[in-house]
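Residue numbering for the sequence shown follows numbering that gives the first Met the number 0, beginning at 0 and increasing consecutively. Every residue gets a Cβ at the ideal spot worked out from N, C-alpha and C, and that includes glycine. Because the structure is a prediction, the values reported are computed rather than measured. To start, the structure under review is shown below, and the notes come after it.
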Amino acid sequence: MAERTIIAPSILSADFASLGQEVRAIAAAGADWVHVDVMDGHFVPNITIGPDVVKALRPHATIPFDVHLMIAPADPYLEAFRAAGADLISVHPEAGPHLNRTLKRIRELGAKAGVVFNPSTDPSVIEWMMDEVDLILVMSINPGFGGQKFMTSQLRKIERLRAMIDASGRQIELEVDGGVTPETAPLCRAAGATALVAGTAVFRGGPEAYAANIAALRGD
Ligand code: DX5
Ligand code: ZN
0 MAERTIIAPS ILSADFASLG QEVRAIAAAG ADWVHVDVMD GHFVPNITIG
50 PDVVKALRPH ATIPFDVHLM IAPADPYLEA FRAAGADLIS VHPEAGPHLN
100 RTLKRIRELG AKAGVVFNPS TDPSVIEWMM DEVDLILVMS INPGFGGQKF
150 MTSQLRKIER LRAMIDASGR QIELEVDGGV TPETAPLCRA AGATALVAGT
200 AVFRGGPEAY AANIAALRGD
């Protein structure tokens, strides 16, 4: 343990009029990944950005792009997001009928494959797919919007998934998304998370505050 926690700022909370600059600013401030929230107004009640925006942002940083797809179906868009420069692509099991096929396709495209758990999604969804997955993302809010309150009920799920990952003996990142703050981050780490997404808690205070905000989440 005691590995350095991966911090993945969600650009959902960035200034959308200056996204390239915002991506450069978080990378310079010590972010490990750029978390991109893709929403379609159908799977979740909000619309955000698509592959063209990922493509435009890609040259602004060298750190991995962690693309969280909240779209249904997801399969027709995997190739476009990979071509745009996504390094990790995560899907919700509820977004399509063939999770195994989707995960295989993501890896075939050369990206790391992630599965996202809504607050109501049971860990058993992943039980027969531990070999196909590189990242498990636990939502500690209902997906769709930033700035919501962390659901402590999800800590038990993080613990359960940590045990499943350890039993598999595989190198799978365990990421938490939603309401992550300097107060809730230690709870996530104690439950076994290795990566934390944060929008509000990274971008508040503007660019001068990003480095301190990221350090506070990492527990430095
Ligand atoms: C919500 C997104 C999150 C969100 C997190 O659907 O998946 O990544 O931006 O925002 P905060 O950190 O503000 O809860
Ligand atoms: Zn997200």
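- Nearest in C-alpha terms to arginine 57, of all of Pro206, Ala73 and Leu18, is Leu18.
- Boundaries cannot be given for alanine 30, as no beta strand (DSSP E) includes it and DSSP labels it neither H nor E.
- For the segment 11-99, the full-length alpha helix (DSSP H) segments reaching 4 residues or more read 18-27, 50-56 and 77-83 along the chain.
- Environment of ligand 2, chain-ordered: Ser9, His34, Asp36, His67, Asp176 and Val196, taking every residue with Cβ within less than 6 Å of a heavy atom.
- Secondary structure at lysine 148: coil, using DSSP grouped into helix, strand and coil.
- Contact check for arginine 81 and alanine 110: beta-carbon distance about 5 Å, within the 8 Å limit, so the pair qualifies.
- Relative to ligand 1, even the nearest heavy atom lies 7 Å or more away from the CB of glutamine 170.
- The beta carbon of glycine 113 sits no closer than 7 Å to any heavy atom of ligand 1.
- Taking 3 residues as the minimum length, the beta strand (DSSP E) runs contained wholly in the segment 146-200 are 172-176 and 194-197, in order along the chain.
- A straight line joining the alpha-carbon of valine 175 with that of arginine 188 spans about 9 Å.
- For the 8 Å CB-CB criterion, proline 50 and alanine 7 do not form a contact.
- Leucine 87 sits close to valine 66, with the two beta carbons spaced by under 8 Å.
- At least one heavy atom of ligand 1 lies less than 7 Å from the C-beta of leucine 11.
- Note that the C-beta distance between isoleucine 5 and valine 33 is not below 8 Å.
- Proximity of the segment 162-174 to the segment 135-152 meets the contact definition, three or more beta-carbon pairs being nearer than 8 Å.
- Burial check for isoleucine 213: the Cβ neighbour count within 10 Å reaches 16 or more, so the residue is buried.
- Per DSSP, leucine 136 is one residue of the beta strand (DSSP E) stretching across 134-138.
- Apart from the 5 residues on each side of it in sequence, valine 43 sits with its Cβ closer than 7 Å to the Cβ of Met69, Pro142 and Gly143 in its chain, given in chain order.
- Beta-carbon to beta-carbon, proline 122 and arginine 159 are separated by about 5 Å, close enough to satisfy the 8 Å threshold.
- The Cβ-Cβ distance between glycine 145 and threonine 183 does not fall below 8 Å.
- The C-beta distance from isoleucine 157 to alanine 190 rounds to 4 Å, short enough to meet the 8 Å contact threshold.
- The residues Ala28 and Gly29, in chain order, have a CB closer than 7 Å to that of alanine 210 in the same chain once the five nearest residues on each side in sequence are set aside.
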